[in-house]
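Remarks on the structure that follows.
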Amino acid sequence: MSTSATKKKLTHILIAAIIFAVIAILLPAGNGLTEKGVLTVALFAATIYCWIFVGVDWPSLLAPGALIALGVMSQVEMLAISFGNMCFAYVLVTMLINVVLEDTGVIEKVATWFITRPFCKGRPWMFMFMFMFSIVTLELFLDCVPVTLIYVALADRICQKLGYEKGSKFGKCLIFAVLVLVIIPYGATPISHPGAILVMGFLQGIGLEITAGQFMAIGVPFSYISMLVVLFIFKFVVRPDFSNFDNFDPEALKGEDKPLSKKAKIATVIFALVVFCWLAPDIFKGFAPAVAALFKQWGVVAAPTLAVAAMAIIHVDGKPMISVAKDIHRIPLGTLIFIVGVQSFANTLTHANTGVSVWLGNIFAPFAQTIPASLVIVVTLLMTAVMTQFLSNIVVINLIWAAFSPVLMALNAAGGNYNLAAWGVVLCLVANVAFMFPSASVVAPPNFTSGYLENSDAIKYGLPVVVIMYVVGLVGYFVAGIVM
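Residue numbers for the sequence shown follow my numbering, beginning at 650 and rising by one.
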């Protein structure tokens, strides 16, 4: 790290320390807020600043340690809600499964299968539809990083074969589709997606437990609607040049793919069984409630944990399908550490001994009671849609949830009728409509550095997508109330 970068980083750390000190000294306890709550709010504000300007790794480790040192929670309590939270274990094992799926070529094989259907030959809009449909379908079940890298490479290969140069509208469409249609489904299901799991954990913490099927009942349609919106933008705004598309030969592209190996087939079956276990409570609840209850007892961690163990035991060609000791180093550990920090605050801010949720409710509830009920949802989701273009979607989810879930709970206690489960799910969906700037998500940089898409393109084509999906999210809140 250069000297100037080091100075800049240290300056931001100093500012974060000042933020903590100012709030800790000047914010009075009272109105529901305890002395421990004051320290929690001060540390939360300083940590948010560090997450934005310094990084999400060591500040996330600092959070639980500082909360213990400040006496906000005991060591046992803090470790249970941070490192011991189900979100940490879930993300760890699902990322390990994704490593195997990526290594065996399953993701690339499925992606190529979609776009090499015979009916795509000579029909550019059908090809574009299948390209986008495959992105959404795969991303509903997989981690966003491998899907992004595979599709950016695939888009580049297609453009080169058809003779489209970087900067062409055709290339822009392909990469813009990857940029948008990977990150939106990333918040649409709890399968391999930490944001959705965090929201389910938040809801469980306030006594509102929802199933994976209920989450997906809103998230899956939301994702496919976003695909249609992007297709509409391409058709009537971008208007790509398809003059080279006559050169597209699905059979030639398909012929370059290697057949799935034995390891790949076994990995696919194991992953399918994991997904089945997650959806089983909703599948069986109507005709086999005892079976549904069994799978519900498993939660979301048991199945992928057993899957990782199975892949470590099963040997193909004399080697285990996964070497946990080696492959653990290939997963993004920063994401796991980030979850530790997020969960430390998610549970502390709503804990009775801090009084933060009561305090926020007392502050905002009187104002919220003076405006139409639907306007509260409109405002919170609008804030989410704007902030997520600049900040990490998980940071935005955590921040909006921490600030406004106490308000909605206070309003409900006063006779309101806000559906926090529906709001939480839609909050996660809108927070993942994040692609207008490189800082919006972890998958934005590979798209912006591909050479096909400029920052100005993401703003020009992305703004109408954000606006439309925000409106869809508002509608989704009321629809979600039916299934939750």
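Even glycine gets a Cβ: it sits at the ideal position worked out from N, Cα and C.
These numbers come from a predicted model, not from an experiment.
Run of the alpha helix (DSSP H) containing residue i, from where it starts to where it stops
i, result
"asparagine 1002", "Element bounds for asparagine 1002: n/a, residue is neither H nor E."
"arginine 806", "793 to 811"
"histidine 661", "652 to 675"
"asparagine 1104", "1104 to 1132"
"phenylalanine 871", "861 to 882"
"cysteine 699", "684 to 702"
"isoleucine 915", "911 to 933"
"leucine 823", "818 to 832"
"valine 721", "That residue, valine 721, is in no alpha helix (DSSP H); it is neither H nor E in DSSP."
Proximity test, Cβ basis, 8 Å: residue i and chain C
i, result
"proline 677", "The chain labelled as chain C is not found in the depicted structure, where only one protein chain is given."
Nearest-angstrom Cα separation, counted from residue j out to residue i
i, j, result
"valine 851", "leucine 1030", "The question names valine, yet the displayed sequence has phenylalanine at residue 851. Approximately 17 Å between the Cα atoms of the pair."
"isoleucine 971", "proline 834", "27 Å"
"leucine 663", "phenylalanine 693", "15 Å"
"phenylalanine 790", "phenylalanine 925", "12 Å"
"leucine 719", "phenylalanine 669", "12 Å"
"alanine 1073", "asparagine 893", "Position check: residue 1073 holds glycine in this sequence, whereas alanine was assumed. Computed Cα separation, rounded: 45 Å."
"threonine 786", "alanine 866", "14 Å"
"threonine 655", "alanine 1001", "39 Å"
"phenylalanine 871", "phenylalanine 881", "15 Å"
"isoleucine 672", "valine 989", "23 Å"
"asparagine 896", "aspartate 890", "13 Å"
"glycine 681", "proline 1015", "15 Å"
"proline 843", "alanine 959", "23 Å"
When the options are compared against residue i, the one with the closest alpha-carbon
i, options, result
"phenylalanine 994", "Met722, Gly967 and Ser910", "Met722"
"threonine 984", "Thr683, Ala738, Lys907 and His964", "Ala738"
"threonine 999", "Thr683, Leu787 and Ile840", "Thr683"
"glycine 1100", "Ala901, Phe819 and Met744", "Phe819"
"glutamate 1103", "Cys822, Ala691, Glu788 and Ser1090", "Cys822"
"valine 740", "Val1025, Asn996, Pro839 and Gly967", "Pro839"
"valine 748", "Ser841, Tyr813, Gly862 and Thr689", "Ser841"
"isoleucine 764", "Arg772, Gly754 and Phe776", "Phe776"
"proline 953", "Gly967, Val690, Val742 and Ala665", "Val742"
"leucine 803", "Ala760, Thr860, Ala974 and Lys907", "Ala760"
"asparagine 1068", "Phe768, Val1128 and Asp976", "Val1128"
"valine 1116", "Val1082, Trp700 and Phe1039", "Val1082"
"tryptophan 1050", "Ala951, Gly1065 and Gly854", "Gly854"
"serine 1088", "Ala665, Trp700 and Phe987", "Trp700"
"alanine 913", "Val991, Val965 and Ala959", "Val965"
"alanine 1034", "Asn1066, Ile697, Leu828 and Met1085", "Met1085"
"alanine 901", "Val1075, Leu711 and Pro767", "Pro767"
Residue i and residue j closer than 8 Å at C-beta
i, j, result
"isoleucine 1046", "alanine 1080", "yes"
"isoleucine 980", "methionine 744", "yes"
"alanine 1071", "valine 949", "no"
"valine 690", "asparagine 1096", "no"
"alanine 837", "phenylalanine 780", "no"
"valine 725", "isoleucine 756", "no"
"valine 1091", "cysteine 793", "yes"
"cysteine 736", "isoleucine 846", "yes"
"glycine 816", "leucine 1078", "no"
"serine 875", "valine 829", "yes"
Open item on the list: Check whether the region 1057 to 1071 and the region 1103 to 1113 touch, using three or more Cβ-Cβ pairs below 8 Å as the test.
Closed with: no
Task: Stretch pair the region 697 to 714 + the region 808 to 823: three plus CB contacts closer than 8 Å - done: no
Open item on the list: Between the region 956 to 976 and the region 928 to 946, can you find at least three pairs of beta-carbon atoms closer than 8 Å?
Closed with: no
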